[in-house]
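Scroll down for the structure; my scribbles are underneath it.
Numbering (the working numbering), first residue to last: 160 to 346.
Right, dumping it as structure tokens:
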């Protein structure tokens with residue numbers, strides 16, 4: 160048993176040491192595509208967002224804007240999804256209710272067509288109920304039963320439930336731009 164505890168402590172320290180470093184990631188501000196029409200770039204952007212399971216909410220060719228509906232972040236078992244970039248984002252999405260909205264802006268910059276991406280991240284905040292015993296933990300957030308969990312909010316919770324803005328996800332923005340750049344390069 161002592162060997163198991165020692166192994167657990169060693170693995171925990173190893174993981175904490177790896178997470179504690181100040182890591183730098185390459186981020187892209189924009190992708191410029193020479194010799195391409197705005198409509199083609201929008202089509203490429205929409206295609207890549209769809210492949211990542213984003214649902215297009217608005218696509219305005221004249222303004223050069225593609226905006227998605229909020230996408231709830233992938234869970235650990237959704238291995239085919241690619242909207243969590245990095246271990247922290249994946250872990251956070253499994254502990255919290257996270258959603259992301261992507262927006263592409265396509266326009267001329269220095270004589271060539273450029274695509275910019277902005278991904279906004281939000282976390283769901285919900286007022287907890289007071290727990291009256293360990294056997295009633297399933298009631299922490301809603302009036303559900305232990306056999307059947309569902310979201311039944313009381314009026315006070317409904318008033319205070321909100322999506323909290325967490326800022327932008329630069330790593331996902333970069334991933335989306337890189338995918339669009341690869342698709343455009345194929346053409």
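Don't be surprised by glycine CBs; every beta carbon is placed ideally from N, CA and C.
Sub-7 Å separation of residue 343 and residue 218 beta-carbons
Going by C-beta atoms, residue 343 is not nearer than 7 Å to residue 218.
Step through the CB atoms of chain D and report whether any lies within less than 7 Å of the CB of residue 324.
The chain inventory of the structure shown lacks chain D, comprising one protein chain alone.
How would you label residue 334, buried or exposed, when you count the other beta carbons within 10 angstroms and need 16 or more for buried?
buried
Below 8 Å, can you find three or more Cβ-Cβ pairs linking the segment 218-236 to the segment 191-201?
yes
Given a cut-off of 7 Å on the beta-carbon distance, is the pair residue 241 and residue 211 in contact?
yes
Uninterrupted beta strand (DSSP E) stretches inside the segment 184-230 (no shorter than 3 residues)
189-192, 215-219, 224-227
Distance, residue 330 Cα to residue 201 Cα:
21 Å
Using a threshold of 7 Å, state whether the C-beta atoms of residue 254 and residue 328 are closer than that.
no
Would you say the beta carbon of residue 202 comes nearer than 6 Å to a heavy atom of the ligand NAP?
Absent from the structure shown: the ligand NAP. Ligands present: none.
First and last residue of the alpha helix (DSSP H) that includes residue 246?
246-254
On a CA-only basis, which of 337, 207, 230, 270 is nearest residue 186? Give me that one, please.
337
Assign residue 206 to one of two classes, buried (16 or more other C-beta atoms within 10 Å of its C-beta) or exposed (fewer than that).
Exposed, by the Cβ-count rule.
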